[in-house]
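Student: Those protein sequences? They're chains A and B, same order as listed. Everything in the first sequence is counted per my numbering, starting at 1 for the first residue and increasing by one. Everything in the second sequence is counted per my numbering, starting at 117 for the first residue and increasing by one.
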Amino acid sequence: AQSVTQLDSQVPVFEEAPVELRCNYSSSVSVYLFWYVQYPNQGLQLLLKYLSGSTLVKGINGFEAEFNKSQTSFHLRKPSVHISDTAEYFCAVSYHYGGSQGNLIFGKGTKLSVKP
Amino acid sequence: DAMVIQNPRYQVTQFGKPVTLSCSQTLNHNVMYWYQQKSSQAPKLLFHYYDKDFNNEADTPDNFQSRRPNTSFCFLDIRSPGLGDAAMYLCATSRPWTELNTEAFFGQGTRLTVV
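1. Strictly by DSSP, which residues pair up with Trp35(A)?
2. Excluding five sequence neighbours on each side, which residues of the same chain lie with their C-beta closer than 6 Å to the C-beta of Leu56(A)?
3. Quick check on DSSP: helix, strand or coil for Leu7(A)?
4. Strictly under 8 Å for the Cβ-Cβ distance: is Phe106(A) near chain B by that measure?
5. With a cut-off of 8 Å, do at least 3 Cβ pairs link the segment 195-209 of chain B to the segment 139-147 of chain B?
6. When DSSP labels each residue in this structure, what does Asp175(B) get in the three-state scheme?
7. Just list the residues that DSSP pairs Phe191(B) with in beta bridges.
8. Under the three-state reduction of DSSP, which class applies to Asp201(B): helix, strand or coil?
9. Using 8 Å as the Cβ pair cut-off and three pairs as the minimum, do the segment 167-181 of chain B and the segment 118-125 of chain B touch?
10. In angstroms, rounded to a whole number, what distance separates the CA positions of Pro185(B) and Gln153(B)?
11. Exposed or buried, which one is Met119(B) when buried takes at least 16 other CB atoms within 10 Å?
12. Using alpha carbons as the reference points, say which of Val13(A), Ser3(A), Gln2(A) lies closest to Val114(A).
13. Compare the C-beta of Leu161(B) against all C-beta atoms of chain A and say whether one is closer than 8 Å.
14. Under the assumption that Gly53(A) contacts Ala158(B) (Cβ atoms under 8 Å), give the Cβ distance between them as a whole number of angstroms.
15. Whose CA, out of Cys23(A), Pro116(A), Tyr25(A), Ser73(A), lies closest to the CA of Ser121(A)?
16. Suppose contacts are defined by Cβ-Cβ distances below 8 Å. Is Tyr32(A) in contact with Lys49(A) by that definition?
17. Can you pull the chain A residues whose beta carbon is under 7 Å from the beta carbon of Ser210(B), in chain order?
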């Protein structure tokens, strides 16, 4: 069975500082990898995804993530955060097509708090 | 502009009183999903529809049902809500999942309170 671990439940950081949100997954089959962002009382918005190819993927709002197969990780990074990045971030995996459609398996989330 | 719309945004229901949450989409996507997100927990898939085909997750309680009368609408029915069912319920849609289509579009969610 697949599982997703987000090691940090909360990450406080000062504005303009770099940030890394960690995500590890376990799966016996190939998966797609995603990062979603959730602002307070809102739904989930896709930040970026890894399907295949280049292991460094760039997303919206200046975020990027690197897929590391040997470490089964997909950490999210941003070189300089803004107050507006304060939100909860979810890492997720899904099977490739032919499996269970787009059923996303989420980690428990990391709350990013950007302070002035 | 909204593509996946959930109503209501906030719902208060009494313990044991049936409640229905609504989701509509303007994307004409084949697949619609319902996720449950309890406080400080990961969103968890309850079930999904591929067109009219219903797919229940193995650990979804019988208390949770769903209806999809047409492509645009999907409903989540909770027959007898318990205090443990208080959560944010997220509806999402997607095209059939292939490498060319791997994005799920989420609504803003309905926060359910059980009193």
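Beta carbons: idealized from backbone N, C-alpha and C, even for Gly.
Tutor: In this structure, then:
1. Sequence index remark: in the first sequence, residue 35(A) carries index 35 (1-based). Paired residues: Leu48(A), Cys91(A).
2. Here residue 56(A) is taken as the residue at index 56 of the first sequence, counted from 1. Answer for Leu56(A): Glu66, listed in chain order.
3. In the first sequence, the residue the question calls residue 7(A) occupies position 7. Coil at Leu7(A), not helix or strand.
4. What you label residue 106(A) is simply residue 106 of the first sequence in a count that begins at 1. Yes, because at least one Cβ of chain B sits closer than 8 Å to the Cβ of Phe106(A).
5. When Cβ pairs closer than 8 Å are counted between the two stretches, the segment 195-209 of chain B is seen to touch the segment 139-147 of chain B, the count reaching three or more.
6. The count along the second sequence starts at 1 and reaches residue 175(B) at position 59. Coil, per DSSP.
7. To locate residue 191(B), count along the second sequence from 1; it is residue 75. Partner(s): Ser138(B), Arg183(B).
8. For the purposes of this step, residue 201(B) is identified with residue 85 of the second sequence, where counting begins at 1. The answer is helix: DSSP assigns Asp201(B) an H, G or I state.
9. Flag = no, the segment 167-181 of chain B and the segment 118-125 of chain B do not touch.
10. Along the second sequence, one-based indexing puts residue 185(B) at 69. Along the second sequence, one-based indexing puts residue 153(B) at 37. If you take the alpha carbons of Pro185(B) and Gln153(B), they lie about 24 Å apart.
11. As a working note, residue 119(B) is residue 3 in the second sequence. A residue is called buried once 16 or more other Cβ atoms fall within 10 Å of its Cβ, and Met119(B), having fewer, is exposed.
12. Here residue 114(A) is taken as the residue at index 114 of the first sequence, counted from 1. Minimum Cα-Cα distance from Val114(A) among the listed residues Val13(A), Ser3(A), Gln2(A) corresponds to Val13(A).
13. Translated into the one-based positions of the second sequence, residue 161(B) becomes position 45. It does; some Cβ of chain A falls within 8 Å.
14. Taking the first sequence and counting its residues from 1, the one referred to as residue 53(A) is at position 53. Taking the second sequence and counting its residues from 1, the one referred to as residue 158(B) is at position 42. The Cβ separation is near 27 Å, so there is no contact.
15. As displayed, chain A neither begins before 1 nor continues past 116, which places residue 121(A) out of reach and without an answer.
16. Stepping through the first sequence from its first residue, residue 32(A) is reached at position 32. Stepping through the first sequence from its first residue, residue 49(A) is reached at position 49. Yes.
17. For this step, residue 210(B) is matched to residue 94 along the second sequence. Listed along chain A, the residues sitting closer than 7 Å to Ser210(B) by beta-carbon distance are Gly102.
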